[in-house]
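Asker: Here the sequence shown is numbered in my numbering, starting from 7 and rising by one per residue.
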Amino acid sequence: MFEVNSNWEKKPHTRRRYYLAGILALLCVLLLAVAMYGGSVWNGLTKELSTVSGEPIQSIVTVKTDDTIYEILAENGISRGTADDIVDAAKKIFDLSKLVAGHDFVLTFTPNGERLTKLEYEISEAAWLVVDVSAHSINVQEKVVDLILPADYTGPMKKIDIIVKDGDTVYGLLQNQRISPFQISLMLKCAKKTFNLSGIRPGHVLSVWVTEDFPKRIGGVIYPIDDLSTLKITPQDNTFKVEKHTLTLETRLERAQGTIKNSLYESAIAAGIGPEAVMDLTDVFAWDINFFSDIRDGDTFAVLYERYYIKEKGLPRGYGRILAARFVTQGEEHTAFYYEKGKSIKGYYNKNGKSLKKQFLKAPLNYRRISSGFTYHRRHPIYHIVRPHLGVDYAAPKGTPVVALGDGRVVYCGWAKGFGKMVRIHHSGGYTTWYGHLSRFGKSMHVGKHVSQGQVIGYVGATGVATGPHLDFRVKRGGNFVNPSKLGSVKAAPLGGKNLTEFKSIVKQRLVLMDSPGKIAVDTAATVKRSKNK
Numbered sequence: 007m008f009e010v011n012s013n014w015e016k017k018p019h020t021r022r023r024y025y026l027a028g029i030l031a032l033l034c035v036l037l038l039a040v041a042m043y044g045g046s047v048w049n050g051l052t053k054e055l056s057t058v059s060g061e062p063i064q065s066i067v068t069v070k071t072d073d074t075i076y077e078i079l080a081e082n083g084i085s086r087g088t089a090d091d092i093v094d095a096a097k098k099i100f101d102l103s104k105l106v107a108g109h110d111f112v113l114t115f116t117p118n119g120e121r122l123t124k125l126e127y128e129i130s131e132a133a134w135l136v137v138d139v140s141a142h143s144i145n146v147q148e149k150v151v152d153l154i155l156p157a158d159y160t161g162p163m164k165k166i167d168i169i170v171k172d173g174d175t176v177y178g179l180l181q182n183q184r185i186s187p188f189q190i191s192l193m194l195k196c197a198k199k200t201f202n203l204s205g206i207r208p209g210h211v212l213s214v215w216v217t218e219d220f221p222k223r224i225g226g227v228i229y230p231i232d233d234l235s236t237l238k239i240t241p242q243d244n245t246f247k248v249e250k251h252t253l254t255l256e257t258r259l260e261r262a263q264g265t266i267k268n269s270l271y272e273s274a275i276a277a278g279i280g281p282e283a284v285m286d287l288t289d290v291f292a293w294d295i296n297f298f299s300d301i302r303d304g305d306t307f308a309v310l311y312e313r314y315y316i317k318e319k320g321l322p323r324g325y326g327r328i329l330a331a332r333f334v335t336q337g338e339e340h341t342a343f344y345y346e347k348g349k350s351i352k353g354y355y356n357k358n359g360k361s362l363k364k365q366f367l368k369a370p371l372n373y374r375r376i377s378s379g380f381t382y383h384r385r386h387p388i389y390h391i392v393r394p395h396l397g398v399d400y401a402a403p404k405g406t407p408v409v410a411l412g413d414g415r416v417v418y419c420g421w422a423k424g425f426g427k428m429v430r431i432h433h434s435g436g437y438t439t440w441y442g443h444l445s446r447f448g449k450s451m452h453v454g455k456h457v458s459q460g461q462v463i464g465y466v467g468a469t470g471v472a473t474g475p476h477l478d479f480r481v482k483r484g485g486n487f488v489n490p491s492k493l494g495s496v497k498a499a500p501l502g503g504k505n506l507t508e509f510k511s512i513v514k515q516r517l518v519l520m521d522s523p524g525k526i527a528v529d530t531a532a533t534v535k536r537s538k539n540k
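#1: Using the DSSP secondary-structure output, state which residues sit across from Pro230 in a beta bridge.
#2: Cβ atoms of Asp233 and Arg121: under 8 angstroms apart, would you say?
#3: Taking its Cβ as the centre, do 16 or more other Cβ atoms sit within 10 Å of Glu128, making it buried, or is it exposed?
#4: Report, in whole angstroms, the separation of the C-beta atoms of Leu237 and Ile228, which I expect to be a contact under 8 angstroms.
#5: By how many angstroms is the C-alpha of Thr116 removed from the C-alpha of Phe8?
#6: Going by alpha carbons, who is nearest to Val409 out of Ser434, Ile92 and Gly442?
#7: Under the rule that 16 or more other beta-carbon atoms within 10 Å means buried, what is Ala283, buried or exposed?
#8: Going along the chain, which residues of its own chain have a beta-carbon closer than 8 angstroms to the beta-carbon of Leu367, five neighbours each way excluded?
#9: Using a Cβ distance threshold of 8 angstroms, determine whether the region 466-473 contacts the region 413-427, with at least three qualifying pairs required.
#10: Can you tell me the Cα-Cα spacing of Phe201 and Pro403, whole angstroms?
#11: Taking the C-alpha atoms as reference points, what is the distance between Thr114 and Glu77?
#12: Using beta carbons (cut-off 8 angstroms, strictly below), is Ile224 in contact with chain D?
#13: Using 8 angstroms for Cβ pairs, my map puts Leu105 next to Ile84. What's the rounded Cβ distance?
#14: Look up Phe297 in the DSSP assignment and say whether it is helix, strand or coil.
#15: Name the two residues that bound the continuous alpha helix (DSSP H) containing Lys592.
#16: Are at least three pairs of beta-carbons, each pair with one atom in the region 142-155 and one in the region 184-196, less than 8 angstroms apart?
#17: Helix, strand or coil for Pro523 per DSSP?
#18: Which one of Glu61, Thr438 and Gly454 has the shortest CA to CA distance from Val488?
#19: Could you round the C-beta distance between Gln183 and Ile166 to whole angstroms and report it? I think they count as a contact, below 8 angstroms.
#20: Measure the alpha-carbon distance for Ala276 versus Gly264 and round it to whole angstroms.
#21: Which whole-angstrom value is the C-beta distance of Ile168 and Val214, which I expect to be below 8 angstroms?
#22: Between Thr71 and Ala107, which are expected to be in contact by the criterion C-beta below 8 angstroms, what is the C-beta distance as a whole number of angstroms?
#23: Just curious, the beta strand (DSSP E) that Arg332 is in, first and last residue?
#24: Our contact map puts Glu218 next to Pro162 with C-beta atoms below 8 angstroms; I'd like the distance itself, whole angstroms only.
#25: Return the CA-CA distance between Tyr177 and Pro187, expressed in angstroms with no decimal places.
#26: Quick check: the Cα distance between Val334 and Ile295, rounded to an integer number of angstroms?
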């Protein structure tokens with residue numbers, strides 16, 4: 007008999023410490039074994055766990071340079087005697103002493119992992135050595151396979167969904183699934199005329215069907231080219247059949263109206279307008295309304311817009327143009343109607359046919375709020391002294407795109423002391439716009455570059471002397487700073503003659519559609535097969 011320690015009986019936490027110590031010791035032993043013996047220990051553990059399922063256990067081994075058949079079989083728990091028998095039996099078909107780096111072995115074991123039942127070796131893309139091992143005999147044969155799966159193949163296949171990442175290629179992704187180079191190259195060649203798969207985009211899902219048996223062969227590939235088009239590839243007659251399926255869009259007219267509460271965005275969403283259409287709506291009135299300072303609670307809006315639906319399914323799929331819109335802000339009515347005639351006339355006009363497009367936009371970016379207005383007596387937030395602030399600070403998250411207020415030429419692009427990273431643009435009429443505290447510049451931005459109204463020239467940041475991310479926006483004319491919110495605007499030419507007559511007729515129709523209660527008939531607009539072109 008042995009004497010039991012009283013602490014063991016009286017202190018349960020002491021027992022728990024012993025249990026934990028034992029478990030930790032066991033884990034250390036396992037980790038040491040894996041480190042010392044590599045894959046063989048892990049394969050052994052896998053075999054034990056797989057016994058429960060009752061399914062045969064498969065181990066796939068890719069031959070490395072200088073590997074020998076004996077080393078591979080020994081690492082997988084196969085005795086030297088069995089290895090000799092396998093090598094001798096296989097000689098009539100293939101000499102296993104001449105393994106090729108990069109080729110695969112597939113080893114199949116009984117569910118308990120105790121006995122090897124089959125060995126398969128990739129002789130070439132089209133031929134495999136198959137060795138069946140029983141308790142009493144070893145049978146060897148060569149399995150010759152069609153490199154391209156027959157169209158009437160009925161064997162088991164599995165679907166693999168691969169999310170494309172930066173730098174991925176279809177060739178590399180399929181090689182990772184052990185698809186042979188011949189199959190991949192032929193498939194890419196067949197697909198190229200319909201869609202070049204070198205153009206796969208990160209975030210898209212490449213769906214691949216492959217055979218469960220070896221060699222792995224492609225049963226089908228599906229890739230979404232865009233929102234409407236899908237590429238489908240299937241094996242057929244020793245090659246691949248490639249099809250591009252494109253859904254048909256039909257355009258329906260929809261309308262919404264509402265009253266501003268808290269913000270335009272929230273109110274428009276509550277009225278049933280999608281986020282994309284809300285942004286389009288602000289773009290339409292970008293020359294007349296500063297949506298960050300002019301909008302007030304109680305202002306009203308109404309809008310008539312195109313919405314795309316998938317004809318085959320009746321599901322919504324994006325937005326087209328804003329066709330008509332009305333804003334009443336602080337008692338002032340603003341209207342916009344889209345009109346297009348030939349190549350020279352295209353854009354938004356008010357109900358009298360005057361173009362909304364002007365020399366300058368009302369604001370240089372989309373932002374949350376204005377943190378400081380134009381004043382000659384602003385207390386500086388860092389230096390705490392009163393000094394003029396001859397511009398407008400637009401508080402916005404870092405990275406918010408900053409756009410050119412109008413057409414012009416870049417006259418400065420670089421570091422400007424307290425302004426940090428800055429872009430200055432010269433416009434007609436003697437105007438120069440300043441954009442300060444940028445986090446980075448727009449693509450290919452440089453001195454001398456001509457930019458268009460609304461083109462991204464940089465991104466909001468906090469470079470230079472700044473308390474947080476914002477855009478310091480200023481406008482200069484003739485050597486003097488002017489208030490950006492009071493810029494004089496040069497308007498585009500108004501409509502006239504027959505165009506004005508036709509336009510006014512369209513305005514009447516759209517006002518009825520925009521203001522009448524109830525739903526608009528589904529067939530109001532024609533079916534289209536085009537992308538949105540504003």
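The beta carbon of each residue, even a glycine, is placed where N, CA and C say it ideally should be.
Answerer: According to the data block:
#1: Thr236
#2: no
#3: buried
#4: 7 angstroms
#5: Low per-residue confidence applies at Phe8: pLDDT is 33, beneath 50, and the placement is therefore not dependable enough to give any value.
#6: Gly442
#7: buried
#8: Ala292, Trp293, Val409, Leu411, Gly412, Gln459 and Gly460
#9: yes
#10: 38 angstroms
#11: 17 angstroms
#12: The chain inventory of the structure shown lacks chain D, comprising one protein chain alone.
#13: No, Leu105 and Ile84 are not in contact; Cβ-Cβ is about 15 angstroms, not under 8 angstroms.
#14: coil
#15: This structure cannot speak to residue 592, because the chain is shown only from 7 to 540.
#16: yes
#17: coil
#18: Thr438
#19: 6 angstroms
#20: 8 angstroms
#21: 7 angstroms
#22: 5 angstroms
#23: Leu321 to Thr335
#24: 4 angstroms
#25: 8 angstroms
#26: 10 angstroms
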